[in-house]
Each structure stands twice: as C-alpha cells, then as structure tokens.
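Here's the structure we're looking at; comments come further down.
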Amino acid sequence: LLAVDYPLDFIKSVSCQICDHILADPVETTCRHVFCRTCILKCVKVMGNYCPSCWYPCFPTDLVTPVKSFLNVLDSLTIRCPVKECDEEISHGKYGQHLSSHKEMKDRGLYSYINKGGRPRQHLLSLTRRAQKHRLRELKRHVKAFAEKEEGGDMRAVCMTLFLLALRAKNEHKQADELEAIMQGKGSGLHPAVCLAIRVNTFLSCSQYHKMYRTVKAVSGRQIFQPLHALRTAEKALLPGYHPFEWKPPLKNVSANTEVGILDGLSGLPLSVDDYPVDTIAKRFRYDAALVCALKDMEEEILEGMKAVNLDDYFSGPFTVVVKESCDGMGDVSEKHGSGPAVPEKAVRFSFTVMNIAIAQGNESKRIFEEVKPNSELCCKPLCLMLADESDHETLTAILSPLIAEREAMKNSQLLLEMGGILRTFKFIFRGTGYDEKLVREVEGLEASGSTYICTLCDATRLEASQNLVFHSITRSHAENLERYEMWRS
1 LLAVDYPLDF
11 IKSVSCQICD
21 HILADPVETT
31 CRHVFCRTCI
41 LKCVKVMGNY
51 CPSCWYPCFP
61 TDLVTPVKSF
71 LNVLDSLTIR
81 CPVKECDEEI
91 SHGKYGQHLS
101 SHKEMKDRGL
111 YSYINKGGRP
121 RQHLLSLTRR
131 AQKHRLRELK
141 RHVKAFAEKE
151 EGGDMRAVCM
161 TLFLLALRAK
171 NEHKQADELE
181 AIMQGKGSGL
191 HPAVCLAIRV
201 NTFLSCSQYH
211 KMYRTVKAVS
221 GRQIFQPLHA
231 LRTAEKALLP
241 GYHPFEWKPP
251 LKNVSANTEV
261 GILDGLSGLP
271 LSVDDYPVDT
281 IAKRFRYDAA
291 LVCALKDMEE
301 EILEGMKAVN
311 LDDYFSGPFT
321 VVVKESCDGM
331 GDVSEKHGSG
341 PAVPEKAVRF
351 SFTVMNIAIA
361 QGNESKRIFE
371 EVKPNSELCC
381 KPLCLMLADE
391 SDHETLTAIL
401 SPLIAEREAM
411 KNSQLLLEMG
421 GILRTFKFIF
431 RGTGYDEKLV
441 REVEGLEASG
451 STYICTLCDA
461 TRLEASQNLV
471 FHSITRSHAE
481 NLERYEMWRS
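Be aware that the sequence shown starts at 1, since it is given in full-length UniProt numbering, and climbs by one per residue.
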C-alpha cells in the first residue's frame, strides 16, 4: 500500500508486530512496543497478559496512545488507494475517509436512478399503487427469489421481517411491536365478538357504535374496534339459524330449513284479522331454531352435567328438556321525538327459559342441568318482540299463533342435534308459567282485573272469596275458558 519505498527499519517501526500491517489506531504497551489496538486486545485475550514481542507483563488497562509526534509521522505516510481504477495517492490520515467515499459511490451505483429529464422524481410513498409496483418490480423479483430459495416461498414473512428490522434499527420499537403482534395473528384490534359484547352491554345503537368506531379510528389511526359488518357476521354464529338440526318425525307445517334467522312476525298474516287492521311491527325467531341455539349455548354445562352423574360421553339420549314460557307487556316504549311509522306505543315480549334437562335411567330421572337463577334476564331467551298492547287480543293472538303452532308440533317430535361431536336426542316439555294474571285473563277471555270473578281457576266472586277463605275447587279448564271466550266474542 505504501506509495514510497521507505527503509525497512522505518516500515517495521510503523507496522504492527502482530498483523504486520501499517498501524491502525496504535497503542503503546508499558514495554514501549506499538500495536494496533484491536490486535493487542485480541492477543492478550487469547495468549494471556504478556507483550507478544518481549513477553513482558502487559494488561489492557496499561495501554496508552503513542506520543503526538509519532502519530503525525504515521498520518503523513503516503498510501496508494487499493481500489481498482483509482490508484490515487493519499496520506494515511485521510485513508479511511477516502475509502468510505468509494463505498458510498458503490452503494449509490447499485440503486442509481438515471433521470432522463422531465419532471423531478417523486418520493415512493407519494406515488399511486400502480407506480409503486412499477418502481419496486426489480426489488420484488430479488425478494421473491430469496423467499423461494430460503423461506419456502413465504414472501410476506420476508417483507414483514425486513420492515420489522428497519423499524427496530430506527428505534421505532412501539410500531415494531404492533407489527410483530399482527404477524403473530394477534393484532392490536379487538375481536368482532368482543366488540359485539361491548355494543350490547353498553346499550349502543348501531349508529352510535359506528360513530365511536369512526372517531377512535380517526384519532388513533388504528382500527381498534371492528366495523359493523364484522359484528353482524359474528352475530350470526350467536343467533338462531346457525346450527344444523333435524326433527324425527319432521315438524308438522314447519319448514325443514334450519338456516332461519330473524323472521317478520307478520309474515303470512293478512293485513287485517277479522276486519281488524294489524298496524304493528313484530320480529321473531322460529321456535325450534331458538331452542337449538339455547341448547348449543349450554353445550359445556350439559356435557359437564353428564360427567357429574357418571354418564358416558357418547350417551345419545333422549334428554328431557323442561321449557318455561313467558309473555309480558314491556310498558311504554314510545319515541321522544320520533318520526317512525304509526305503531302502538307499547311492546310485548314472548320468551322462554330452559329450566332443567334430565335423563331417564331405569325408573329414576337424573338431572344433568338445572337453572339456578330462573328469573334472571341472562337465561331468558327472547323469541318474539312486537309493538302491540297486551290488551289487544286480536293482534296478540294473530302474531303468537305461529309460535303456538310450532310449539304444539314440537310436543310430538324429538330433536336430533349434534353436541360434543355426537348426535343426541332431545324431547321438550313446555310449561306456561311465565304469564302474569293479567295476561292469563286476557288470553283465556276472562274479564280484566276489576271483574267480579277474581280467580282464573274457579268461579268464586269477590263476595264468596271474602266469606270463604278455605274451600275452593278448580272448576274451570283452559278449554272451557276458551270456549266461553269465543261465545262472548261472537
């Protein structure tokens, strides 16, 4: 490298005694020998704390920089550049700077853009997607070749890792952590089912949730909450009509199609019932699909209950399910400043609760599930919701009659439903114990609460009941009450 033929002794004095090259970052030992800093440190580490020239004890802490006059002599040495087609003679002090300029030019040459004139070159991020693809096509080809050779063709993983390393190199660790979470499938956003639970539990309407979703996305720049369409997709798995099932024998006058979600409660009804206009809105689930959905929600509890009574996992039934039906008015649901359709300002809700599930073993019945909080809204499954007054008998019976028909059909059939990977059989027993007295009187055609006859089971009047508090007997049946009602109605 030396451009001038210096005397051998001089060359020896400016050379490292370990690597035999010109001294780079020279240091002096206590025994006055000079070495490159990296060479002597490596040598001491491997050979022990001795000077490699004279074996005098030498410790890394004893190393000092040589005198300034020696360093000036070293920096003034003329060196020829080893790079091809350069051969420039430079001083030793400027050698490192000169060599790095060669490296920069080489790197620039790899990605040099030849501007052929015209408008100035735009930044990559300001280009359209098509222009970005065009500019990066060569790089993409190289990355693709590397991915196919080294990573089994997983080009996405290679690009993500490159981006990750670039972020970490710039100390953008927060962004890198988020990207890493996305790569691992976690993501920084919430699961659609979690978003749905938040919307339901905080009583947000769709428009309120959408406003919150947009605001959070705009402020944070991240999609933490999921859009409404993702919530609707998640909701389908939770609503009736998602799980396949079968009835043996098939239900009378009920479709065998199991993919039925929310139905219009007025579908199939004439616009007026006995010349009585039906001006209401009603939404309902098909009774059998709603029961299936309730059972699938309880799948874990049923399987645990089977283990608790020492039943085999593959026991297929039949399971006897007791269902409590409830129907009640929900009071005033009028809009404050509404401009919706002219409908009654009261609502009626028909729902059911799975009270218990049992299996018959010999002469005894074993319960594998029992609802501990039968009056809780958490176990009360809505079946039909209508904007109607519970005193409006015609509308009530017109909307509920399809539900009643489905219930009557289910009494004579058995449900075949897959649970825990095995097809199991279920029978249903219905108990109409969730009606209050007002609704019982309404449905059975009895007079309202101010009637002389105070009981829905016998013919006792207020006067008789006040004089006789003990001896009463059931003198009415449901069928009789309906018969009387039809007579009164006609």
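For each residue, glycine too, the CB sits at the ideal point set by N, CA and C.
Quiz item: Secondary structure at CYS86, three-state DSSP: helix, strand or coil?
Solution: Locating residue 86 in the sequence shown gives position 86, counting from the first residue. Three-state result, CYS86: coil.
Self-check item: Burial state of THR78, where buried means 16 or more other Cβ atoms lie within 10 Å
Solution: Within the sequence shown, the letter at position 78 stands for residue 78. Exposed is the label assigned to THR78, since fewer than 16 other Cβ atoms lie within 10 Å of its Cβ.
Quiz prompt | Cβ-based neighbour list, LEU218, same chain, cut-off 8 Å, excluding 5 preceding and 5 following | solution = For this step, residue 218 is matched to residue 218 along the sequence shown. The question names Leu, yet the displayed sequence has Ala at residue 218. Closer than 8 Å at the Cβ level, and outside the excluded window around ALA218, lies no residue.
Quiz prompt | Continuous alpha helix (DSSP H) stretch holding GLN175: start and end | solution = What you label residue 175 is simply residue 175 of the sequence shown in a count that begins at 1. From DSSP, the alpha helix (DSSP H) with GLN175 extends over 173-183.
Exercise. Within its chain, find whatever has a CB closer than 7 Å to the CB of GLY265; leave out the 5 residues flanking it on each side and keep chain order.
Key: Locating residue 265 in the sequence shown gives position 265, where the first residue counts as 1. The beta carbon of GLY265 sits closer than 7 Å to those of ALA282, LYS283, ARG284, CYS384, MET386, ILE399, all from its chain and outside the five residues before and after it, given in chain order.
Quiz item: Span of the alpha helix (DSSP H) holding TYR287?
Solution: As a working note, residue 287 is residue 287 in the sequence shown. Secondary structure note for TYR287: its alpha helix (DSSP H) is the uninterrupted segment 287-297.
Exercise. List in chain order: all unbroken alpha helix (DSSP H) runs of 4+ residues lying wholly within the stretch 300-365.
Key: Complete alpha helix (DSSP H) runs here, min 4: none at all.
Quiz prompt | With 16 other Cβ atoms within 10 Å as the buried cut-off, status of THR280 | solution = Residue mapping note: residue 280 aligns to position 280 of the sequence shown, counting from 1. THR280 should be labelled buried.
Self-check item: Burial state of THR29, where buried means 16 or more other Cβ atoms lie within 10 Å
Solution: What you label residue 29 is simply residue 29 of the sequence shown in a count that begins at 1. Under this definition THR29 is a buried residue.
Self-check item: Supposed contact pair VAL321 and LYS427 - C-beta distance, whole angstroms, cut 8 Å
Solution: Walking along the sequence shown from the start, residue 427 turns up at place 427. Walking along the sequence shown from the start, residue 321 turns up at place 321. Taking a contact as a CB-CB distance under 8 Å, the pair LYS427 and VAL321 counts as one, their CB atoms being some 7 Å apart.
Practice problem: Go through its chain and collect everything with a Cβ distance to ILE357's Cβ below 6 Å, but skip five positions before and after it. | Solution: Sequence index remark: in the sequence shown, residue 357 carries index 357 (1-based). Taken in chain order, the residues that qualify are PHE319, VAL321, ILE368, PHE369.
Quiz item: Smallest Cα separation from SER53: which of PHE430, VAL34, GLU335?
Solution: Working through the sequence shown from its first residue, we reach residue 53 at position 53. Of the listed residues, the one whose Cα sits closest to SER53 is VAL34.
Exercise. Go ahead and pull the three-state DSSP assignment for GLU390.
Key: For the purposes of this step, residue 390 is identified with residue 390 of the sequence shown, where counting begins at 1. Correct three-state label for GLU390: coil.
Practice problem: State yes or no: is the beta carbon of ASP20 nearer than 7 Å to at least one beta carbon in chain B? | Solution: Of the chains in the structure shown, none is chain B; there is only one protein chain.
Self-check item: Endpoints, alpha helix (DSSP H) assigned at TYR213
Solution: Along the sequence shown, one-based indexing puts residue 213 at 213. For TYR213, the enclosing alpha helix (DSSP H) begins and ends at 206-220.
Quiz item: Taking ALA388 as the reference, which of SER76, ALA347, TYR435 has the closest Cα?
Solution: Sequence index remark: in the sequence shown, residue 388 carries index 388 (1-based). Of all alpha-carbon atoms in SER76, ALA347, TYR435, the one lying nearest the alpha-carbon of ALA388 is that of ALA347.
Practice problem: Answer yes if the stretch 190-197 comes into contact with the stretch 226-239, meaning at least three C-beta pairs across the two stretches below 8 Å, and no otherwise. | Solution: Taking 8 Å as the limit for Cβ pairs, the verdict is that the stretch 190-197 does touch the stretch 226-239.
Practice problem: Could you give the DSSP three-state label for VAL200: helix, strand or coil? | Solution: For the purposes of this step, residue 200 is taken as the residue at position 200 of the sequence shown. In this structure, DSSP gives VAL200 a helical state, which the three-state scheme calls helix.
Practice problem: Rounded to whole angstroms, what's the CA-CA distance from THR215 to ARG137? Just pull it up for me. | Solution: Stepping through the sequence shown from its first residue, residue 215 is reached at position 215. Stepping through the sequence shown from its first residue, residue 137 is reached at position 137. Distance from the CA of THR215 to the CA of ARG137, rounded to the nearest whole angstrom, comes to 37 Å.
Exercise. Indicate the three-state DSSP secondary structure (helix, strand or coil) for SER192 in the structure shown.
Key: Walking along the sequence shown from the start, residue 192 turns up at place 192. Before going on, a small fix: residue 192 reads as Pro here, not Ser. PRO192: helix per DSSP, three-state reduction.
Quiz item: In chain order, what residues of the same chain lie with their CB nearer than 7 Å to the CB of ALA465, ignoring the 5 residues before and after it?
Solution: For the purposes of this step, residue 465 is identified with residue 465 of the sequence shown, where counting begins at 1. Cβ-Cβ distances below 7 Å link ALA465 to ILE454 in the same chain, with the five nearest sequence neighbours on each side left out; the list follows chain order.
Quiz item: Opposite GLN414 in the DSSP bridges: which residues?
Solution: Here residue 414 corresponds to residue number 414 of the sequence shown, with the count starting at 1. Residue pairing from DSSP places GLN414 in a beta bridge opposite LYS248.
Self-check item: Simplified DSSP state of PHE163, which is helix, strand or coil
Solution: Along the sequence shown, read from residue 1 onward, the residue named residue 163 stands at position 163. In this structure, PHE163 counts as helix in the three-state DSSP scheme.
Quiz prompt | CA nearest to the CA of CYS86, picked from ASP75, ASN72, SER101 | solution = Numbered from 1 along the sequence shown, position 86 holds the residue referred to as residue 86. The closest CA to that of CYS86, considering only ASP75, ASN72, SER101, is found on SER101.
Quiz prompt | Contiguous alpha helix (DSSP H) assignments of at least 4 residues, all confined to the UniProt domain "RING-type" (16-54) | solution = Counting only runs that start and end inside the UniProt domain "RING-type" (16-54), the alpha helix (DSSP H) elements of at least 4 residues fall at 37-47.
Practice problem: Please classify ARG80: does DSSP put it in a helix, a strand, or coil? | Solution: Here the question's residue 80 lines up with position 80 in the sequence shown. Secondary structure at ARG80: strand, using DSSP grouped into helix, strand and coil.
Practice problem: Say whether the stretch 244-258 touches the stretch 304-319, bearing in mind that this needs 3 or more beta-carbon pairs closer than 8 Å, one atom from each stretch. | Solution: Touching, no.
Quiz item: Taking the alpha carbon of ASP392 as the point to measure from, which residue in ASP328, GLU371, GLU418, GLY421 has its own alpha carbon closest?
Solution: One-based indexing of the sequence shown puts residue 392 at position 392. Cα-wise, what sits closest to ASP392 is ASP328.
Exercise. Consult DSSP for ILE11 and reduce its assignment to one of helix, strand or coil.
Key: What you label residue 11 is simply residue 11 of the sequence shown in a count that begins at 1. Collapsing the DSSP output to three states places ILE11 in a helix.
Quiz prompt | Assigned secondary structure, GLU442 (DSSP; H/G/I helix, E/B strand, else coil) | solution = Indexing the sequence shown from 1 puts residue 442 at position 442. When secondary structure is reduced to three states using DSSP, GLU442 falls in the helix class.
Exercise. Determine the DSSP secondary structure at PRO57, reduced to helix, strand or coil.
Key: Within the sequence shown, residue 57 is the residue found at index 57, counting from 1. If DSSP states are grouped into helix, strand and coil, PRO57 belongs with the strands.
Practice problem: Would you give the residue range spanned by the alpha helix (DSSP H) that LYS68 belongs to? | Solution: Counting from 1 along the sequence shown, the entry for residue 68 is found at position 68. Where LYS68 is concerned, the enclosing alpha helix (DSSP H) stretches over 68-75.
Exercise. Rounded to whole angstroms, what's the CA-CA distance from LEU139 to LEU23? Just pull it up for me.
Key: As a position in the sequence shown, residue 139 is number 139, starting the count at 1. As a position in the sequence shown, residue 23 is number 23, starting the count at 1. Going by C-alpha positions, LEU139 is about 41 Å away from LEU23.
Practice problem: With a threshold of 16 other CB atoms inside 10 Å of the CB of PRO26, please say whether the residue is buried or exposed. | Solution: As a working note, residue 26 is residue 26 in the sequence shown. Buried: at least 16 other Cβ atoms inside 10 Å.
Practice problem: For VAL64, I'd like the list of residues in its chain whose CB is within less than 7 Å of its CB, leaving aside the five on either flank, ordered along the chain. | Solution: Against the sequence shown, residue 64 aligns to sequence position 64. Here the set comprises VAL27, GLU28.
Self-check item: According to DSSP, residues forming a beta bridge with LEU482
Solution: On the sequence shown, position 482 is the one that residue 482 refers to. DSSP output for LEU482 lists no bridge partner at all.
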